[in-house]
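As structure tokens, the structure follows; a few thoughts come after it.
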Amino acid sequence: MIRNYFKIAWRNLLRNKSFSLINITGLAVGMASAMLILLWIHHEMSYDNFHLKKDRLYQVWNRYTVDGKVQSWPATPKPMASAIQRDYPEVEHTSRVAFLPPVKIDLGEKKFYGRGKIVDSTFLDMFTFPVLKGNAATALNDVSSIVLTEKLAASIFGDTDPIGQVLKLDNRDNFKVSAVVKDPPSHSSFEFQFLLPWAYLRKLGGNDENWQNNSVDTYVLLKENTSLTSIAPRLKALRQKYDKSDPDMEAFLYPMSRWHLYSSFHNGKEVGGRIEIVRLFGLIAGFVLLVACINFMNLSTARSEKRAREVGIRKVSGAYRTSLVAQFLGESMLLAGISGIFALVMVQLALPFFNELVGKSLALQTREPLFWLFITGFIGITGILAGSYPSVYLSSFKPINALKGGSKASKTLIAPRKILVVGQFTFAIVLIIATIIVRQQIRKAQDREMGFTKDNLVYHFTEGESASNYRLIKEELISSGTALSVTMTSSPVTENWSNTWDIGWKGKAAHDKTLVSRFYADEAVTRTLGLELVAGRDFDLTNFPADSGAALLNESAVKHMGFKDPVGQVIKDMGREWHVIGVIKDFIISSPYHPSEPMYIGGASGFFNVIHIKLNGRNPMKENIASLLSIFKKYNPEYEMNYRFVDEQYARKFADEQRTGTLATLFALLTIVISCLGLFGLASYMAENRIKEIGVRKVLGASVLSIATLLSRDFFKLVALSFVIATPIAWWAMHTWLADFPYRVSIHWWVFALAGLAAMVITLVTVGFQAVKAAHANPVKALRSE
Amino acid sequence: MLELKGIFKWVNTGGNRVFLLKDVDLSVKEGEFISIMGPSGSGKSTLLNVIGMLDDFNEGEYTFLHEPVHTLKEKHRSALYKQYIGFVFQAYHLIDELTVYENIETPLLYQDIKSSERKALVADMLDRFNIVGKKDLFPTQLSGGQQQLVGIARALIAKPRLLLADEPTGNLNSKQGEEIMELFSQLNKEGMTIIQVTHSEKNASYGTRTIHLLDGRIDN
Ligand SMILES: Nc1ncnc2c1ncn2[C@@H]1O[C@H](COP(=O)(O)OP(=O)(O)OP(=O)(O)O)[C@@H](O)[C@H]1O
Ligand SMILES: [Mg+2]
């Protein structure tokens, strides 16, 4: 029986080559799109799932209530971990993780760079990063021990055994390799190349006991058979016990399973986070697959006349309806199977591009039996989805009617088929509109006045002696003609590292907790960054040594602080006074989608991490860079100079939205291609089925145009209907999407008109081709075909 | 074997009720070979389809092998049909995508018959109709007479007790038609009950009894 079905299915496939081709192409493209998205979703969903104790692991977060609004963030004071360990018997272990900037690693004469973390000795016990060499229990006990990942160990030591070898970090301390662990997988929230013991931080004097310095991450492993609900209420008292200064601050535990996808809080509640994108793309995957399946449904039912006779004969031969349903499902399964194989090939070919697009390294796990199980299931589901309606429809024919050839269904679009086509085009039009609006939004943010000049501007994170030799470096950069001006700042001009509401000025309202950004610069900051001064002057330590305690305000700050005459005012921050000497226009330091925050730029007595260099635009860039590198080499010989272009960094602010835009465009195109394939097939079947009518009409004198119109009119009605349905859906979806951007485009009516027009043109091309071809056919031939 | 009593069948078209069958009474005994004749449009095919349970009727009683067909559920009715009735069509109605062998085999697939047994049954049929050499050909590669032979073989493969044939020779030349009729009377002699629709007096003469239909009514 099964063999017989299979045989029929296979022969049908070969006999109707164009039908099969359209169906397989459409299904394969749809399946490939869905597979790619599912691959990505799978990766997103699998974050941190490799930790054996994942169900008992938590990160400590804070909740802080200001003006009735709740803020949540994960940084904690350093003494919190031991306090939790001491006060809560449910806790098995705690571990702190401290941030470490990239460091230089020396093995004798050889230099390497790596990113690492400082962690408590319990880290390797709590989290599952399997130790390949060395002893996990003691690896982080000694102050001068270092744990390397497999990859870093291999790049430093090659084949020699790294255990016991000595490395020098940042020209300061020696560390002995105590263990090698497996690299954190790509779905790990922790990323590191090496781990240093907490004892080292203590040795550096960085282990303060200050409860108000929220500077590290704290993780908790609960004992087995304990529950979060038992510890959570008592944890609220923790902060109050050790730090009475802020009664509105409390700690809570955030479970590992939610770290990656859900950790976006608004007013103390989880509001989604990445899971929203995951859901959105899941939805898109489902729809693209559905659109492909709809093609199959439409073409199968359009072909029903050809299959009706077979159905009749089989019924007369004693077939029950169920066996016919099974037969047609078998056919769609076969088709889905073939398409699935093509889809796998397409996915394999498309993965490198897709990975680049989403910034991942996804791969088909072809060695995993589970993968094949999933693929089989996926094909099965696609087959059932595609075959469901046709099999029910085709098997419903009454044998005598079927044998008489009575079904007139395929000459016009019958209702269910109309609904399906409308569904396809609605989805396509929504995607077109979304694509246009996402692109408009990106363009709008890109066109926004930045407030600084990014051309020829590079920055450098100070390391080694580049900070202490800053003066010399600066002088030589300028005297050599490499740079026009140089300034040292607290953070890159594209990153906002620090803000506070604990800042004072004359006339500040008592409960004002608006955040003010902090930024520091030594000298020539407006000149180097290209900021626009609207009042006062820039820092100038040569002529005004007191400028180390001076400040510039941006216009938002002036407005917020209500200064009529800002120059000469005094602001207080972190226990010192800053004298305002100038005002600059707002510049975009954080998000181009958000209005600028109030900001003050403090002078040379602030803290500094970055050197900004305005290169001389008259020299070729290559020469500038070569000279830059050699000057830094001279004054900081141990280090390879790192530099970044501000324009590149600025462009990265748009990466997320650009990715959304590119993906939306991609899937819009795919949906359109698949829908058009279906429309093309449908139109050709209908033309074929009406070949006699067309012949008669032509003999009676109908023009090509009138016949082409006759054949395509129905389709245009459907596309018009799709447009009517798609418009409110798209408006709502894009309105919701844009709501996340305070700085956003407004939705214009012409976007909808354009999308509608595009859909019409696409339909015209697809259907019109068939219609004109049919209308041009020789009428005599057409009539003879009966 | 079967008995029709007061069968009416009608369709409603545009408010008018059009009768296709009017008060048809018919009793068929096991082993009869009946020919139904009548002008075009008189309802011959309709009657045959009703007997074959492919079509419903609106009024009357139909008993088939002591089962009251008019009261049976669809499922039960097709089971009855599947077991006892074979159908032959004027237009042959073979499945183009299947070979001769597979076409003949089709009804067996819908009955729980083992593959080895199926093979034997189909081989018997091919043998009997002298078409062993054609078993791997597709219908389009056969002449009309050969196609009808395959159609009859398919109708007979499940060993029905009643064979219904709607103008089985309508598309054939006279020589091919004669062969088919010879075959039918042979089958009838072996005990098969046959009801055929025909336009030809000559073909009707092969039967044991002729029924004349006129405007959906049996004309005595
Ligand atoms: N579904 C239907 N609706 C309306 N009229 C029908 C329907 N089916 C059959 N008829 C009519 O019923 C009458 C009998 O049809 P039937 O096919 O039984 O005739 P027939 O005797 O077999 O004719 P022929 O010799 O041409 O095959 C015809 O007039 C036909 O038009
Ligand atoms: Mg007839």
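So the sequence lines, in the order shown, correspond to chains R and V. Note that the first sequence covers residues 88 to 873 in the working numbering. Note that the second sequence covers residues 401 to 620 in the working numbering. By construction, the Cβ of each residue, glycine as well, lies at the ideal position given by its N, Cα and C atoms. Everything numeric in this text was worked out from a predicted model, so none of it was measured.
Rounded straight-line distance, which links the Cα of residue j to that of residue i
{"i": "L444 of chain R", "j": "M686 of chain R", "result": "35 Å"}
{"i": "D207 of chain R", "j": "L322 of chain R", "result": "21 Å"}
{"i": "D673 of chain R", "j": "S683 of chain R", "result": "6 Å"}
{"i": "Q280 of chain R", "j": "K198 of chain R", "result": "15 Å"}
{"i": "E582 of chain R", "j": "I381 of chain R", "result": "48 Å"}
{"i": "E563 of chain R", "j": "A738 of chain R", "result": "30 Å"}
{"i": "W459 of chain R", "j": "Q452 of chain R", "result": "9 Å"}
{"i": "L787 of chain R", "j": "L518 of chain R", "result": "44 Å"}
{"i": "P164 of chain R", "j": "L449 of chain R", "result": "37 Å"}
{"i": "E873 of chain R", "j": "A774 of chain R", "result": "Only weak support is given to the placement of E873 of chain R: the predicted model assigns it a pLDDT of 39, under 50, and the question is left unresolved by the model."}
{"i": "S635 of chain R", "j": "I671 of chain R", "result": "18 Å"}
{"i": "H666 of chain R", "j": "V657 of chain R", "result": "5 Å"}
{"i": "H598 of chain R", "j": "G591 of chain R", "result": "12 Å"}
{"i": "I506 of chain R", "j": "N110 of chain R", "result": "19 Å"}
{"i": "L123 of chain R", "j": "K709 of chain R", "result": "40 Å"}
{"i": "K269 of chain R", "j": "K263 of chain R", "result": "18 Å"}
{"i": "A523 of chain V", "j": "Q511 of chain V", "result": "17 Å"}
{"i": "Q252 of chain R", "j": "L282 of chain R", "result": "15 Å"}
{"i": "G616 of chain V", "j": "G607 of chain V", "result": "21 Å"}
{"i": "F419 of chain V", "j": "D425 of chain V", "result": "15 Å"}
Nonlocal neighbours in the same chain, by C-beta distance under 6 Å from residue i, ignoring five residues either side
{"i": "Q158 of chain R", "result": "Y151"}
{"i": "A496 of chain R", "result": "The predicted model places A496 of chain R with a pLDDT of 47, which falls under 50 and marks its position as unreliable; any figure quoted below should be read in that light. Excluding residues within five positions, the ones whose Cβ falls inside 6 Å are S391."}
{"i": "E461 of chain V", "result": "K405 and H470"}
{"i": "M453 of chain V", "result": "R477 and Y481"}
{"i": "I700 of chain R", "result": "V545, A570 and V573"}
{"i": "G545 of chain V", "result": "L572 and Q576"}
{"i": "T814 of chain R", "result": "F839"}
{"i": "Y722 of chain R", "result": "N556, L559 and I560"}
Beta-carbon contacts of residue i that lie in its chain and below 8 Å, excluding the five residues immediately before and after
{"i": "I146 of chain R", "result": "According to the sequence shown, residue 146 of chain R is Gln rather than Ile. Correct list, in chain order: P161, D304, T305, Y306, V307, L340, Y341, M343 and W346."}
{"i": "I471 of chain R", "result": "L416, S419 and M420"}
{"i": "T610 of chain V", "result": "I434, S435, I436, M437 and A604"}
{"i": "Y200 of chain R", "result": "P189, V190, K191, I192 and E727"}
{"i": "S494 of chain R", "result": "Residue placement at S494 of chain R cannot be trusted, given a pLDDT of 49 that sits under 50; what the coordinates show is reported in the next sentence. Around S494 of chain R: S391, E392, A395, F484 and N488."}
{"i": "T522 of chain R", "result": "G748, A751, T752 and A755"}
{"i": "Y501 of chain V", "result": "V522, L526, K535 and D536"}
Boundaries (first-last residue) of the alpha helix (DSSP H) holding residue i
{"i": "M686 of chain R", "result": "Careful: M686 of chain R lies outside any alpha helix (DSSP H), inside the beta strand (DSSP E) at M686 to G689."}
{"i": "P507 of chain V", "result": "V500 to L509"}
{"i": "E237 of chain R", "result": "E237 to F244"}
{"i": "K860 of chain R", "result": "W836 to H863"}
{"i": "V522 of chain V", "result": "S515 to R528"}
{"i": "S643 of chain R", "result": "E642 to M648"}
{"i": "E775 of chain R", "result": "A742 to N776"}
{"i": "V230 of chain R", "result": "No alpha helix (DSSP H) holds V230 of chain R; DSSP gives it neither H nor E."}
{"i": "F810 of chain R", "result": "V791 to L825"}
{"i": "M336 of chain R", "result": "First-last for M336 of chain R: M336 to P342, but that is the beta strand (DSSP E), not the alpha helix (DSSP H)."}
{"i": "I434 of chain V", "result": "That residue, I434 of chain V, is in no alpha helix (DSSP H); its beta strand (DSSP E) goes F433 to M437."}
Residue i - containing beta strand (DSSP E), residue span
{"i": "E536 of chain R", "result": "Note, E536 of chain R: premise wrong, no beta strand (DSSP E); not H, not E."}
{"i": "Q158 of chain R", "result": "K156 to W160"}
{"i": "Y607 of chain R", "result": "V603 to Y607"}
{"i": "H461 of chain V", "result": "First, the amino acid is wrong: residue 461 of chain V is Glu here, not His. Here the beta strand (DSSP E) through E461 of chain V covers E459 to F464."}
{"i": "T247 of chain R", "result": "That residue, T247 of chain R, is in no beta strand (DSSP E); it is neither H nor E in DSSP."}
{"i": "K589 of chain V", "result": "That residue, K589 of chain V, is in no beta strand (DSSP E); its alpha helix (DSSP H) goes S574 to K589."}
For residue j and residue i, believed in contact at Cβ under 8 Å, the rounded distance
{"i": "I504 of chain V", "j": "I557 of chain V", "result": "6 Å"}
{"i": "G113 of chain R", "j": "A379 of chain R", "result": "5 Å"}
{"i": "P560 of chain V", "j": "I485 of chain V", "result": "5 Å"}
{"i": "L490 of chain R", "j": "G399 of chain R", "result": "4 Å"}
{"i": "A795 of chain R", "j": "A742 of chain R", "result": "With 8 Å as the limit, A795 of chain R and A742 of chain R do not qualify as a contact, their Cβ atoms being about 47 Å apart."}
Cβ shell of residue i (< 7 Å), same chain only, five flanking positions each side left out
{"i": "L716 of chain R", "result": "M728"}
{"i": "T540 of chain V", "result": "D496"}
Beta carbon nearer than 5 Å to a non-hydrogen atom of ligand 1: V:V411, V:L420, V:S440, V:G441, V:S442, V:G443, V:K444, V:S445 and V:T446
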